[in-house]
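Per UniProt numbering, the sequence shown starts with residue 1, numbered consecutively.
In what follows, a structure is listed as structure tokens, so that the remarks can point back to it.
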Amino acid sequence: MKHAPSLVMLSLAEPCDCISKAFRSVSSCFSRLQTLSLRIGLGQRSIMLPESPQLSSLKKISLAIHMGQNSKILMDLTSFIERSPFLHRLELRLKWSGLFRYCTSSVQKIKKCPHPCLKVVKISGFIGSRMDTMFAMYLIENSLVLEKLIFDLQKTYDFLSRKQYLSRKTIKKKIEATRKHALQIGKQLPPGAELIVI
Numbered sequence: 001m002k003h004a005p006s007l008v009m010l011s012l013a014e015p016c017d018c019i020s021k022a023f024r025s026v027s028s029c030f031s032r033l034q035t036l037s038l039r040i041g042l043g044q045r046s047i048m049l050p051e052s053p054q055l056s057s058l059k060k061i062s063l064a065i066h067m068g069q070n071s072k073i074l075m076d077l078t079s080f081i082e083r084s085p086f087l088h089r090l091e092l093r094l095k096w097s098g099l100f101r102y103c104t105s106s107v108q109k110i111k112k113c114p115h116p117c118l119k120v121v122k123i124s125g126f127i128g129s130r131m132d133t134m135f136a137m138y139l140i141e142n143s144l145v146l147e148k149l150i151f152d153l154q155k156t157y158d159f160l161s162r163k164q165y166l167s168r169k170t171i172k173k174k175i176e177a178t179r180k181h182a183l184q185i186g187k188q189l190p191p192g193a194e195l196i197v198i
């Protein structure tokens, strides 16, 4: 990174535990980053983030995560978001390896931490599991100026459609149940914030 002293946009895509090593290799430029994009593979159950100063210039984070049943990645990433006090937009794209609506093994209490500048949150691939529900609620409860929460269920439909053992009728019911769950979460939004379910 010594050859990129003015780096403001960074994209990392690594399988398994390589993402943690990639973090450490670029930690010297964290304070200058304005946009960060991460794609994390299925083999990664958790992330060991390097010690670093706050990401004081970061405005946008885009995360694409392949979620497994025991994945703790969403919980680990909250500490990364906490280091981004001027974050304006968070985009989360979830790809699930199975249906874990009632999974509890990797769920833990997330500590509160205010996000004073986060205005837009978009979650694609939301299935209403305890993991993604708790993460969504964490963002709602801690984003002080949240203006828009977007649930994009197209990725959810794509995921369910690949399950050959699910009939079209069952897929439709699951999508509708997920939509209703997203609407229930939306009731927790602060006054003036907009909920969009597409």
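Glycine included, every Cβ here is placed at the ideal spot set by N, Cα and C.
{"Item": "The beta strand (DSSP E) enclosing ALA64, as first and last residue numbers", "Value": "60-67"}
{"Item": "Residues of its chain near LYS163, where Cβ-Cβ distance is below 7 Å and the 5 sequence neighbours each way are ignored", "Value": "none"}
{"Item": "Environment of LEU183 [buried if 16+ CB atoms lie within 10 Å]", "Value": "exposed"}
{"Item": "Three-state class that DSSP yields for ILE196 in the structure shown", "Value": "strand"}
{"Item": "Which of helix, strand or coil DSSP assigns to CYS103", "Value": "The predicted model places CYS103 with a pLDDT of 44, which falls under 50 and marks its position as unreliable; any figure quoted below should be read in that light. The answer is coil: DSSP assigns CYS103 none of H, G, I, E or B."}
{"Item": "Contact set for LYS148: own chain, Cβ-Cβ below 6 Å, skip 5 residues either direction", "Value": "VAL120, GLU194"}
{"Item": "Of the residues LYS72, LEU92, PRO191, the one placed nearest ILE61, counting alpha carbons only", "Value": "LEU92"}
{"Item": "Residues that LYS122 bridges to, as DSSP identifies them", "Value": "GLU91, ILE150"}
{"Item": "Close-in-space but distant-in-sequence residues of the same chain around SER11 (CB under 6 Å, 5 per side omitted)", "Value": "SER37"}
{"Item": "Where the beta strand (DSSP E) through ARG39 begins and ends", "Value": "35-40"}
{"Item": "Cα-Cα separation between SER56 and LEU153, rounded to whole angstroms", "Value": "32 Å"}
{"Item": "Buried versus exposed, by CB contacts within 10 Å (16 or more), MET131", "Value": "buried"}
{"Item": "Three-state secondary structure (DSSP) of SER143", "Value": "strand"}
{"Item": "Beta-carbon proximity list for TYR102, same chain, < 8 Å, skipping 5 on both sides", "Value": "Reliability fails at TYR102, whose pLDDT of 43 lies under 50, so the model's placement of it is uncertain and the value that follows must be treated cautiously. Cβ within range, chain order: SER129, ARG130."}
{"Item": "Which of helix, strand or coil DSSP assigns to THR166", "Value": "The sequence as given places Leu at residue 166; Thr does not occur at that position. Note: LEU166 maps to coil in three-state DSSP."}
{"Item": "Buried or exposed by the 16-neighbour rule on C-beta atoms within 10 Å, applied to THR170", "Value": "exposed"}
{"Item": "Interface flag, LYS169 vs chain D, CB-CB below 8 Å", "Value": "In the structure shown, chain D cannot be found, because there is only a single protein chain."}
{"Item": "From SER143, LYS122, ALA136, residue whose alpha carbon lies closest to that of PHE86", "Value": "SER143"}
{"Item": "Bounding residues of the alpha helix (DSSP H) (the contiguous stretch that carries SER56)", "Value": "Per DSSP, SER56 belongs to no alpha helix (DSSP H) and is neither H nor E."}
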